[in-house]
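**Q** When we follow UniProt numbering, the leftmost residue of the sequence shown carries the number 1, and every step to the right adds one.
C-beta: ideal position from N, C-alpha, C; glycine also.
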Amino acid sequence: FDRLLDDRSALTVTDREEAALMKLRHPTMLCLSSAMLTMAEKAYMLPRDDAPWQHYIDSWLQQSWLNNGAANASFVRWMSTFATHPDFCDPNATTPVHH
1 FDRLLDDRSA
11 LTVTDREEAA
21 LMKLRHPTML
31 CLSSAMLTMA
41 EKAYMLPRDD
51 APWQHYIDSW
61 LQQSWLNNGA
71 ANASFVRWMS
81 TFATHPDFCD
91 PNATTPVHH
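1) Could you tell me if Ala20 is buried or exposed, where buried requires 16 or more neighbouring beta carbons within 10 angstroms of its beta carbon?
2) Can you tell me which of the three DSSP states Leu11 falls into?
3) Using 10 angstroms around the beta-carbon of Arg77, count the other beta-carbons present and answer buried if the total reaches 16, otherwise exposed.
4) Could you check whether His26 and Leu5 sit closer than 8 Å to each other, using their CB atoms as the reference points?
5) Run through DSSP, which three-state label would Met45 get?
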């Protein structure tokens with residue numbers, strides 16, 4: 001995002017949630033996507049050499065997102081509330097990404 005602000009990059013690709021947060025922090029940025037990514041489209045970065053932590057995260061993902069959906073329901077509820085902010089992503093925007 002710093003590269004966008006410094007005019008060293010034309011755009012960045014990220015998920016809707018991060019883009020919306022950055023839009024709130026940096027009003028000159030524009031978020032063009034209104035579609036949320038699914039769990040399958042997200043990436044979780046972990047230390048390669050920490051097997052117990054990897055196992056814990058795998059278990060949490062399985063239980064929270066895949067089995068009972070509690071985390072997903074909470075996340076969707078939070079995003080629905082957050083999305084009502086007037087500076088959230090605008091899928092109909094036609095202005096440049098950085099203006």
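**A** The answer reads as follows:
1) buried
2) coil
3) exposed
4) yes
5) coil
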